[in-house]
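Participant: Numbering (my numbering), first residue to last: 159 to 605.
First, the structure itself, so that you have it in front of you.
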């Protein structure tokens with residue numbers, strides 16, 4: 159469907175003579191109401207519309223991928239040869255100009271039929287764009303290149319050395335995060351005869367690409383395989399992710415990490431309770447705030463048995479356990495399960511913890527919010543939201559930079575499922591929100 163950008167222009171106000179005349183009328187005849195001038199709009203069709211992007215019957219197809227606050231837009235346009243599909247071109251609309259971007263040299267063109275495929279995927283506040291272009295070896299597709307467009311120039315990013323090139327010439331790189339400072343974080347596939355490719359993570363900043371994550375030693379399999387994945391990038395260029403870990407005699411696990419100020423540091427829990435009987439450990443970072451606080455989870459074990467999840471917050475080299483860990487949230491054998499659901503850029507973290515009765519029977523989930531110092535239970539806990547067994551199910555869905563949390567609570571009617579209620583936690587109080595009058599309640603009580 160065609161997409162249009164609207165540029166607002168306000169007409170100039172009436173001249174001084176008009177104002178004087180209006181004032182005279184007001185003096186003689188009382189108040190006068192002057193209608194506001196109607197706004198005018200400039201409508202621009204986006205996309206590439208030259209012959210290469212127009213089918214022989216006149217058809218064109220363009221789509222928008224992103225739009226920033228400056229009115230810069232990115233997207234792609236279909237390419238044609240006669241009536242035949244010939245791929246896609248990436249474009250950017252910036253400073254009232256439409257430009258083709260991406261990589262479309264011979265390495266990124268099918269030598270047999272001229273096919274090209276470029277996609278614009280990410281856009282920041284500066285008007286920098288990132289995407290991928292398909293690579294070819296003659297008429298054979300051999301992966302994708304990552305690229306960054308900035309100030310009129312498209313540069314290729316990612317690794318292209320022998321470790322990151324398969325025997326047939328395949329290379330694969332992708333930019334996964336682009337922040338407003340121009341930092342780009344991405345991945346490149348690793349090859350070496352593996353069943354599936356490994357993966358390196360990297361960070362591009364100020365013209366330099368640096369490998370990030372954990373590698374070598376326990377992070378390299380006996381055959382040389384390494385795998386690192388990215389999870390997030392904040393405005394300061396701090397990145398988080400996880401790397402496969404191969405401890406001696408242990409089943410492969412995952413190590414969480416943060417890259418900050420040129421250094422990658424392992425984070426999360428990897429003490430005894432978070433180590434399986436065979437020595438395996440697994441931690442995952444989930445969110446990073448603008449100040450570099452990381453929220454994540456670590457698997458818990460007890461003599462080879464699953465013992466749940468621990469939620470944690472890492473900041474300034476200190477890891478803090480978060481979530482609910484009292485007796486109500488501890489099962490048989492010390493089982494505890496807390497997970498992180500959402501986090502705000504200001505560092506508030508919300509999640510849920512499993513609940514148990516006195517016998518250790520699971521009876522639902524409690525919602526909580528971590529404010530930087532403690533985890534507070536939140537949600538609706540009254541009779542309407544509690545079964546006879548004590549079962550309650552509360553979960554957070556959203557958290558903002560003020561620490562307000564929106565979530566849900568399961569209802570019961572006659573001790574049977576009665577729908578869900580919405581709630582808002584703010585300043586120490588949880589309020590039932592939404593519409594719950596007779597019009598929004600079934601005769602059975604369900605809503």
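Using N, Cα and C, we set each Cβ at its ideal position, and we do this for glycine too.
All of these numbers come straight from a predicted model, not from anything done at the bench.
(1) DSSP three-state label for residue 279, please.
(2) Decide if the segment 543–551 is in contact with the segment 490–497; the criterion is three or more beta carbon pairs, one per stretch, under 8 Å apart.
(3) Nearest to residue 301 by CA position, among 309, 308, 291, 310, is which residue?
(4) Please confirm whether residue 201 has its beta-carbon closer than 8 Å to some beta-carbon of chain C.
(5) Which first and last residues belong to the beta strand (DSSP E) in which residue 132 is found?
(6) Taking its Cβ as the centre, do 16 or more other Cβ atoms sit within 10 Å of residue 196, making it buried, or is it exposed?
(7) Among 338, 430, 345, 296, which one has its Cα closest to the Cα of residue 327?
(8) Looking at the unbroken beta strand (DSSP E) that takes in residue 344, where does it start and where does it end?
(9) Nearest to residue 362 by alpha carbon, out of 546, 345, 236, 375?
(10) Is it the case that the segment 256–272 contacts the segment 319–338, given that we only count it when at least three CB pairs across the two stretches are under 8 Å?
(11) Exposed or buried, what is residue 273 when buried is set at 16 or more other beta-carbons lying within 10 Å of its beta-carbon?
(12) Around the Cβ of residue 337, are there at least 16 other Cβ atoms within 10 angstroms (buried) or fewer (exposed)?
(13) By the DSSP assignment, the beta strand (DSSP E) with residue 505 in it spans what residues?
(14) Assuming residue 610 is part of the beta strand (DSSP E), what are its boundary residues?
(15) Counting pairs of beta carbons, one from the segment 205–218 and one from the segment 236–245, are three or more of them closer than 8 Å?
(16) So what does DSSP say about residue 309, is it helix, strand or coil?
(17) DSSP three-state call for residue 321: helix, strand or coil?
(18) For the beta strand (DSSP E) containing residue 266, name the first residue and the last one.
(19) So residue 473 and residue 393 are in contact, right, with Cβ under 8 Å, and what is the actual spacing, rounded?
(20) By a C-beta neighbour count over all protein chains shown, 10 Å radius and 16 as the cutoff for buried, is residue 585 buried or exposed?
(21) Give me whichever residues DSSP pairs with residue 234 in a beta bridge.
(22) Using C-beta distances below 6 Å, list every residue in its chain close to residue 356, excluding the 5 sequence neighbours before and after it, in chain order.
(23) Given residue 433, which residues of its chain have a CB within under 6 Å of its CB, disregarding the five upstream and five downstream residues?
(24) Buried or exposed: where does residue 556 fall if 16 or more other Cβ atoms within 10 Å of its Cβ makes it buried?
(25) Give the straight-line distance between the Cα atoms of residue 508 and residue 559, rounded to the nearest whole angstrom.
(26) Please report the distance separating the alpha-carbon of residue 316 from that of residue 367.
(27) Beta strand (DSSP E) containing residue 465: first to last residue?
(28) Could you have a look at residue 214 and say whether DSSP puts it in helix, strand or coil?
(29) State yes or no: is the C-beta of residue 535 within less than 8 Å of the C-beta of residue 593?
(30) Which partner residues does residue 273 have in the DSSP bridge list?
(31) Quick one: measure Cβ to Cβ for residue 441 and residue 418, integer angstroms, because I've assumed they're closer than 8 Å.
(32) Please report the residue range of the beta strand (DSSP E) in which residue 594 lies.
(33) Using the Cβ count rule (16 or more neighbours within 10 Å means buried), how would you classify residue 187?
(34) For residue 505, I'd like the list of residues in its chain whose CB is within less than 7 Å of its CB, leaving aside the five on either flank, ordered along the chain.
(35) So what's residue 351 in DSSP terms, helix, strand or just coil?
(36) Buried or exposed: residue 199, going by 16 or more other Cβ atoms within 10 Å of its Cβ?
Facilitator: Walking through what the data contain:
(1) DSSP places residue 279 within a strand segment (E or B) once states are collapsed to three.
(2) By the criterion of at least three beta-carbon pairs nearer than 8 Å, the segment 543–551 is not in contact with the segment 490–497.
(3) That would be 291, whose Cα lies nearest to the Cα of residue 301.
(4) Going by chain labels, chain C is absent from the structure shown, which holds only one protein chain.
(5) Any question about residue 132 goes unanswered here, given that the chain covers just 159 to 605.
(6) Around the beta carbon of residue 196, fewer than 16 other beta carbons lie within 10 angstroms, which makes this residue exposed.
(7) Per the Cα distances, 296.
(8) First-last of the beta strand (DSSP E) with residue 344: 342–348.
(9) The candidate whose alpha carbon is nearest that of residue 362 is 345.
(10) Contact between the segment 319–338 and the segment 256–272 is absent: fewer than 3 CB-CB pairs across the two stretches fall below 8 Å.
(11) Under the 10 Å beta carbon count, residue 273 is surrounded by 16 or more other beta carbons and is classified as buried.
(12) Buried is the label assigned to residue 337, since at least 16 other Cβ atoms lie within 10 Å of its Cβ.
(13) Per DSSP, residue 505 belongs to no beta strand (DSSP E) and is neither H nor E.
(14) This structure gives no information on residue 610, because the portion of the chain shown stretches from 159 to 605.
(15) Contact holds: three or more Cβ-Cβ distances are below 8 Å.
(16) DSSP places residue 309 in coil when its eight states are reduced to three.
(17) Helix at residue 321.
(18) Premise fails: residue 266 is in no beta strand (DSSP E) and is neither H nor E.
(19) About 16 Å separates the Cβ atoms of residue 473 and residue 393, ruling out a contact at the 8 Å cut-off.
(20) That one is exposed.
(21) Under DSSP, residue 234 takes part in a beta bridge, and its partners are 221, 248.
(22) Within the same chain, Cβ atoms closer than 6 Å to the Cβ of residue 356 are found at 348, 383, 384, 385, the five residues on either side in sequence being excluded.
(23) Counting only Cβ-Cβ distances below 6 Å, and skipping sequence neighbours, we find 439.
(24) Under this definition residue 556 is an exposed residue.
(25) Going by the C-alpha atoms only, they are around 12 Å apart.
(26) Linking residue 316 to residue 367 through their CA atoms gives a straight-line distance of about 8 Å.
(27) DSSP places residue 465 in the uninterrupted beta strand (DSSP E) bounded by 463–473.
(28) Of the three classes helix, strand and coil, the one that applies to residue 214 here is coil, per DSSP.
(29) Not in contact: residue 535 and residue 593 (Cβ atoms no closer than 8 Å).
(30) Partner(s): none; residue 273 has no beta bridge.
(31) Rounded, the Cβ-Cβ distance is 17 Å, inconsistent with contact.
(32) No residue range can be given for residue 594, since it is assigned to no beta strand (DSSP E) and is classified by DSSP as neither H nor E.
(33) With a pLDDT of only 47 at residue 187, under the threshold of 50, the placement of this residue in the model should not be trusted; the figure read from the coordinates follows. Around the beta carbon of residue 187, fewer than 16 other beta carbons sit within 10 angstroms, so the residue counts as exposed.
(34) Setting aside the 5 residues that flank it on each side, residue 505 is surrounded in the same chain by 447, 449, 451, 530, each with a C-beta closer than 7 Å to its C-beta; the list follows chain order.
(35) DSSP, reduced to helix, strand and coil, places residue 351 outside both helices and strands of the structure shown, so it counts as coil.
(36) Counting every other CB atom within 10 Å of its CB across the protein chains shown gives residue 199 a total below 16, marking it as exposed.
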